[in-house]
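Numbering (the working numbering), first residue to last: 7 to 183. All residues carry an ideal CB built from backbone N, CA and C; glycine is no exception. Here is the structure we will look at.
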């Protein structure tokens with residue numbers, strides 16, 4: 007039986023270490039969370055927001071494309087400061103966070119034509135949070151009929167939209183832009 011090939015040539019720059027977000031952020035060990043370092047890299051001019059995947063910067067929170075998405079368009083909404091627990095957010099951070107989640111849902115629907123969106127938070131390592139020191143709300147677009155068989159059958163994700171295109175779609179569809 008012949009082997010089928012799944013070509014994803016747009017991933018070439020990632021495999022070769024091209025415009026990887028990790029290269030643009032300060033190294034770990036400086037006391038800041040990964041997300042704080044990503045946010046700071048764009049603020050200090052060492053990297054641009056498109057390269058970092060920072061879709062939008064608010065006063066207290068920001069929107070970031072997930073570098074390792076479940077599906078194309080998978081993004082996260084986070085407070086600017088590393089806060090592990092939802093109850094540790096200030097009232098202003100809380101309000102801005104959820105307003106950005108709402109706007110993210112609007113932009114995902116308009117920019118990706120998805121049928122549904124999963125919105126969720128893993129609070130703490132035991133809940134499945136890989137970056138449990140900095141809470142983040144996941145917004146994951148979903149499509150009817152997309153059973154994600156590749157993930158189940160081949161432990162492989164098929165991502166038809168590259169990160170830079172996802173960034174452009176979200177920015178173009180962002181409410182008020």
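Checklist entry - Which same chain residues, not among the five before or five after residue 72, have their C-beta less than 7 Å away from its C-beta? => result The sequence position of residue 72 within the chain shown is 66, counting from 1. If we look at residue 72 and ignore the five residues flanking it on each side, its Cβ neighbours are 80, 81, 82.
Checklist entry - For residue 167, does the three-state DSSP call read helix, strand or coil? => result Residue mapping note: residue 167 aligns to position 161 of the chain shown, counting from 1. Looking at residue 167 - three-state DSSP - the assignment turns out to be coil, as it is neither helix nor strand.
Next on the checklist: Judging by CA-CA distance, which residue of 44, 98, 103, 97 is the nearest neighbour of residue 144?
Outcome noted: Position 138 of the chain shown, counted from the start, is the residue given in the question as residue 144. Of the listed residues, the one whose Cα sits closest to residue 144 is 103.
Checklist entry - How do the stretch 176-183 and the stretch 116-130 stand: do at least 3 beta-carbon pairs fall below 8 Å, yes or no? => result yes
Next on the checklist: Tell me which residue opens and which closes the alpha helix (DSSP H) that residue 44 is part of.
Outcome noted: In the chain shown, the residue the question calls residue 44 occupies position 38. Unbroken alpha helix (DSSP H) run through residue 44: 40-49.
Item to check | Terminal residues of the alpha helix (DSSP H) in which residue 144 lies | outcome: To locate residue 144, count along the chain shown from 1; it is residue 138. No alpha helix (DSSP H) holds residue 144; the beta strand (DSSP E) holding it covers 143-148.
Next on the checklist: Could you tell me the alpha carbon to alpha carbon distance between residue 126 and residue 133, rounded to whole angstroms?
Outcome noted: For the purposes of this step, residue 126 is taken as the residue at position 120 of the chain shown. For the purposes of this step, residue 133 is taken as the residue at position 127 of the chain shown. Each residue's alpha carbon lies about 11 Å from the other.
Checklist entry - Ordered along the chain, which non-local residues of its own chain (more than five positions away) have a Cβ less than 6 Å from that of residue 135? => result On the chain shown, position 129 is the one that residue 135 refers to. Here the set comprises 128.
Next on the checklist: Suppose the cutoff is 7 Å on Cβ atoms and the five residues either side in sequence are ignored; what does the same chain contact list for residue 48 look like?
Outcome noted: Along the chain shown, read from residue 1 onward, the residue named residue 48 stands at position 42. Only 54, 55, 58, 60 meet the Cβ criterion.
Checklist entry - Residues in its own chain within less than 8 Å of residue 166 by CB, not counting five upstream and five downstream? => result Walking along the chain shown from the start, residue 166 turns up at place 160. Answer for residue 166: 78, listed in chain order.
Checklist entry - In terms of residue numbering, what span does the alpha helix (DSSP H) encompassing residue 107 cover? => result Start at 1 with the first residue of the chain shown, and residue 107 comes out as number 101. That run of the alpha helix (DSSP H) goes 97-118.
Checklist entry - For residue 67 versus residue 92, is the C-beta spacing smaller than 7 Å? => result Here residue 67 refers to the residue found at position 61 of the chain shown. Here residue 92 refers to the residue found at position 86 of the chain shown. Not in contact: residue 67 and residue 92 (Cβ atoms no closer than 7 Å).
Next on the checklist: I'd like the list of long-range same chain contacts for residue 122, defined as Cβ closer than 6 Å, with 5 residues on each side in sequence excluded.
Outcome noted: Position 116 of the chain shown holds residue 122. Correct list, in chain order: 148.
Checklist entry - Going by C-alpha distance, which of 87, 111, 169 is nearest residue 40? => result Start at 1 with the first residue of the chain shown, and residue 40 comes out as number 34. Comparing Cα-Cα distances from residue 40 to each of 87, 111, 169, the minimum goes to 87.
Next on the checklist: Between which residues of its own chain and residue 110 is the CB-CB distance below 7 Å, once the five residues before and five after are set aside?
Outcome noted: For the purposes of this step, residue 110 is taken as the residue at position 104 of the chain shown. Contacts found: 69, 81, 83, 145.
Next on the checklist: Quick check on the burial criterion: 16 or more other C-beta atoms within 10 angstroms. Buried or exposed for residue 172?
Outcome noted: Your numbering for residue 172 matches position 166 in the chain shown. Burial call: buried.
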